[in-house]
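Undergrad: Numbering (mature numbering (1 follows the signal peptide of the UniProt record, and there is no 0)) for the sequence shown: -23 to -1, 1 to 368.
Beta carbons are placed, not taken as given, at the ideal position from N, Cα and C, and that holds for glycine.
Just so it is clear, the structure is predicted and the values come from calculations on it, not from any experiment.
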Amino acid sequence: MMRRGLVLITAAMMALIGCGSHSETEKTATEEAGDPHHLSAVPLTNVVDSVRDAAGSMNVVTHISRSGIYDGETHFNTTVFTPKGEAPDRGFPIVVVGHRITGTTSDCAPSLSPTLLDLAPTITALLNAGYIVAVPDFQGLGKPTVDTNYDDTYHPYLDSTTGGYNLIDAAHAAHAGEPQASTSWLAMGIGEGGQAAWAANELAVDYNNFGGDFVGSVSISPLSDLNGLADAAQNGTLNDDQKVAFARFTAALHAEYPEVVNLDDYRRGAATQHWNALLGCQLTPSALQVAAQIPATDLQPANAEAVNTLRGFLQKTNLPQGPAQAPMLVSYSGDEPLSPASWTDRALAAACKMGDTITIQRQPQPVPDSATTLSWISDRFKSTQAQNDCR
């Protein structure tokens, strides 16, 4: 059964994109040969004091994952933090935290940032609560310590299958490399990371190749139902956050399917001139500052075929793609500039129809390390029944 169904237009496109499944995928040659999932580890030294003071150990682990586009083996880094003190009898539970994407170039990775791309408060709170914390760079970001292949060199922005695989394999890497780790784990993320955590919940049972006990997911302001991005692009009404996301998504599509996606069908004028600045994570000028100087009409699809192609790829990555395997917490506000509340509402309604158990929180400024969120996470590891707001 194909999880990531494709709603694309031409036969050529169907032929090129047919590898998005997880349930039909065989193990890679590396896994079948028994090679370790955990390839290498080096101590993390460049980190803020708050995290350093809370952690018993900190390591950057290069490990194996899988592309949701081609089903091929990939490699990236996950930073693993272990709490201080003695582990409980069953080990420290694992929380994998997916970051909000700040750029799609290799230097835009949390392992290269002293604050882990502003995740330091969340990591500290989780460590103090007694969790091993794993923060994946995601495919194409960071600097793996092994020879790379093509899939390692670009970030498949907004591909929910890849994001889900990456979080699951980050949990695997943490478990493989840390003797004090429990097999119980939870996925958590913000923005694009929240999308990955949701996808991991859908994928974990079929893809969970280390025998882990998956207990749930937390998605803060997740990117879920993205059909509105195509509408805004077609109508020339993309806001600045959406311009950046649109550029990164179409750039990733071109890297994945160059014979199908012609970038010049989705950019012109100032967008073409400043394209690389929209993809990067530079501080000055930031991608958002650059986007403010680009008319939305410079990112309009050139014709109806380009719009249909875009819609097909968005349908492939939208959530939900299937039922969740464990309880979900979804926290979002009413004024997210990239993904309006109505988009998330549609995704939640669809997930509820699939029978998911979802705790839904609408908050002005949702944060991943709130007392409410930490309490919900604790309850999942205790097997307490989760509040279900689906009606």
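Classify ASP346 as buried or exposed, calling it buried when 16 or more other Cβ atoms lie within 10 Å of its own Cβ.
TA: Mapped onto the sequence shown, residue 346 falls at position 369. Counting Cβ neighbours within 10 Å, ASP346 comes out buried, since at least 16 surround it.
Undergrad: Given this structure, state the Cα-to-Cα distance separating TYR309 from ASN216, to the nearest angstrom.
TA: Mapped onto the sequence shown, residue 309 falls at position 332. Mapped onto the sequence shown, residue 216 falls at position 239. One C-alpha to the other measures close to 19 Å.
Undergrad: Could you give the DSSP three-state label for ASN54: helix, strand or coil?
TA: By one-based count along the sequence shown, residue 54 stands at place 77. Residue state, collapsed to three classes: strand.
Undergrad: Grab the span of the alpha helix (DSSP H) containing PHE191 for me, first residue to last.
TA: On the sequence shown, position 214 is the one that residue 191 refers to. Careful: PHE191 lies outside any alpha helix (DSSP H), inside the beta strand (DSSP E) at 190 to 197.
Undergrad: Given a cut-off of 7 Å, decide if ALA176 and SER201 are closer than it, judged by their beta-carbon atoms.
TA: Within the sequence shown, the letter at position 224 stands for residue 201. Within the sequence shown, the letter at position 199 stands for residue 176. In this structure, ALA176 does not lie closer than 7 Å to SER201 by Cβ.
Undergrad: Below 6 Å CB to CB, which residues in the same chain sit around ALA(-9) once its five sequence neighbours on both sides are set aside?
TA: Here residue -9 refers to the residue found at position 15 of the sequence shown. Its pLDDT being 36, under 50, ALA(-9) is placed unreliably in this model, and the value from its coordinates should be taken loosely. Here the set comprises nothing.
Undergrad: If you drop the 5 nearest sequence neighbours on each side, which residues of the same chain put their C-beta closer than 7 Å to that of THR51?
TA: On the sequence shown, residue 51 is found 74 positions in, with the first residue counted as 1. So the list reads SER42, ARG43, SER44, GLN116, ASP128, ASP129, once near-sequence residues are dropped.
Undergrad: Measuring CB atoms only, is the segment 58 to 69 touching the segment 157 to 167, in the sense that at least three cross pairs come out at less than 8 Å?
TA: yes
Undergrad: Between which two residues does the beta strand (DSSP E) containing LEU215 stretch?
TA: Translated into the one-based positions of the sequence shown, residue 215 becomes position 238. Where LEU215 is concerned, there is no enclosing beta strand (DSSP E), given that its DSSP letter is neither H nor E.
Undergrad: According to DSSP, what are the bridge partners of THR112?
TA: Within the sequence shown, the letter at position 135 stands for residue 112. Before going on, a small fix: residue 112 reads as Val here, not Thr. According to DSSP, which records beta bridges pairwise, VAL112 is partnered with THR56.
Undergrad: I'd like to confirm the pairing. Which residues does DSSP put opposite ARG339 in its beta bridges?
TA: In the sequence shown, counting from the first residue as 1, residue 339 sits at position 362. The partner list for ARG339 (beta bridge, DSSP) reads TYR309.
Undergrad: Bridge partners for ILE167 per DSSP, in chain order?
TA: By one-based count along the sequence shown, residue 167 stands at place 190. ILE167 is bridged to ILE197.
Undergrad: On the DSSP bridge assignment, give the partners of GLY299 in chain order.
TA: Working through the sequence shown from its first residue, we reach residue 299 at position 322. In the DSSP output, where bridge partners are listed per residue, GLY299 has none listed.
Undergrad: Return the CA-CA distance between ASP333 and PRO300, expressed in angstroms with no decimal places.
TA: What you label residue 333 is simply residue 356 of the sequence shown in a count that begins at 1. What you label residue 300 is simply residue 323 of the sequence shown in a count that begins at 1. Taking the straight line from one Cα to the other gives about 6 Å.
Undergrad: At 3 residues or longer, what runs of the beta strand (DSSP E) sit wholly inside the segment 251 to 306?
TA: Along the length of the segment 251 to 306, whole beta strand (DSSP E) runs at least 3 residues long do not occur.
Undergrad: With a threshold of 6 Å on Cβ separation, who are the neighbours of LYS359 within its own chain once the five nearest residues in sequence on each side are excluded?
TA: On the sequence shown, position 382 is the one that residue 359 refers to. Taken in chain order, the list of residues that qualify is empty.
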